[in-house]
Amino acid sequence: MFSSIPSQYYVIGSTVMAIVMGSFVMFVRMRASKMPTNEKKIIIPPIAMSSGAIMFLFPEFHVHPMQILEAAAVGILCSTILIATSKFEVKGQDIYLKRSKAFAFILVGLLIFRVVAKILLSNSIDIGELAGMFWILAFAMLVPWRIAMLVQFKKVKKTILSKTV
1 MFSSIPSQYY
11 VIGSTVMAIV
21 MGSFVMFVRM
31 RASKMPTNEK
41 KIIIPPIAMS
51 SGAIMFLFPE
61 FHVHPMQILE
71 AAAVGILCST
81 ILIATSKFEV
91 KGQDIYLKRS
101 KAFAFILVGL
111 LIFRVVAKIL
121 LSNSIDIGEL
131 AGMFWILAFA
141 MLVPWRIAML
151 VQFKKVKKTI
161 LSKTV
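No gaps in the numbering here: position 72 of the sequence shown is 72 in the UniProt record's numbering, and each next residue is one more.
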């Protein structure tokens, strides 16, 4: 089905989609900082993203074990940057994700890293495998970040509750 389409079109198409999605994420994150957050808003993104694992049912997206480890390691490494820049602030009884001036630059930097890596790696790794690796990288980045956010959120929430009692 896909074999008649040259692989460079997949690279171009997926790169354009990455830029569109990255821009969308930045827009959503900037708007989200204007509204209070809660556990549900922190937990839902990794759960929603997990549906993407369905791609691994198809042979085109199978990833070798070493590639899984490499992608997960890079994702976890990138998550440390997001964890370090994600802080909460209390306004009244509400908890907000504090806007970090560095957040937009970090997202742009990660997007540029992803695009450059995809262009360089697409010459040596099949585009389906590469898609699987980038999904693993993104998921391995999102899960630790959201777990750290949830832990931090619960600590802040606990301090609010202890002050009101």
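C-beta atoms are modelled at their ideal positions from N, C-alpha and C, and glycine is treated no differently. For clarity, every value in this text was computed on a predicted model and none was experimentally measured.
Whose C-alpha, out of the options, is nearest the C-alpha of residue i?
| i | options | result |
| --- | --- | --- |
| residue 154 | 34, 87 and 13 | 87 |
| residue 32 | 96, 20, 68 and 115 | 96 |
| residue 78 | 120, 89 and 109 | 109 |
| residue 66 | 130, 159, 156 and 158 | 130 |
| residue 98 | 29, 160 and 123 | 29 |
| residue 94 | 58, 56 and 38 | 38 |
| residue 105 | 122, 126, 81 and 124 | 81 |
| residue 49 | 100, 157, 158 and 140 | 140 |
| residue 34 | 100, 8 and 126 | 100 |
Quick one: what does DSSP say residue i is sitting in, helix, strand or coil?
| i | result |
| --- | --- |
| residue 16 | helix |
| residue 1 | Its pLDDT being 47, under 50, residue 1 is placed unreliably by the model, and the measurement read from it follows with that caveat. Coil. |
| residue 148 | helix |
| residue 63 | coil |
| residue 34 | coil |
| residue 50 | helix |
| residue 153 | helix |
| residue 58 | coil |
| residue 125 | coil |
| residue 160 | helix |
Return yes when the Cβ of residue j is within less than 8 Å of the Cβ of residue i, no when it is not.
| i | j | result |
| --- | --- | --- |
| residue 179 | residue 138 | As displayed, the chain neither begins before 1 nor continues past 165, which places residue 179 out of reach and without an answer. |
| residue 72 | residue 112 | no |
| residue 107 | residue 52 | no |
| residue 128 | residue 60 | yes |
| residue 163 | residue 15 | no |
| residue 20 | residue 133 | no |
| residue 198 | residue 116 | The structure shown does not extend to residue 198, since the chain is modelled only from 1 through 165, so no value can be given for it. |
| residue 184 | residue 83 | Look at the range of the chain in this structure, 1 to 165, and you will see that residue 184 is not part of it. |
| residue 25 | residue 122 | no |
Just checking my contact of residue i with residue j at CB under 8 Å: how many whole Å lie between their CB atoms?
| i | j | result |
| --- | --- | --- |
| residue 150 | residue 42 | 5 Å |
| residue 46 | residue 146 | 5 Å |
| residue 85 | residue 103 | 6 Å |
For a test of your reading of the model: does the CB of residue i fall under 7 Å from any non-hydrogen atom of the ligand FAD? Yes or no.
| i | result |
| --- | --- |
| residue 36 | Annotation note on the ligand FAD: not contained in the displayed structure, which lists no ligands. |
Any alpha helix (DSSP H) of 4 or more consecutive residues that is wholly inside the region 65 to 114: List check, alpha helix (DSSP H) in window: 65 to 85.
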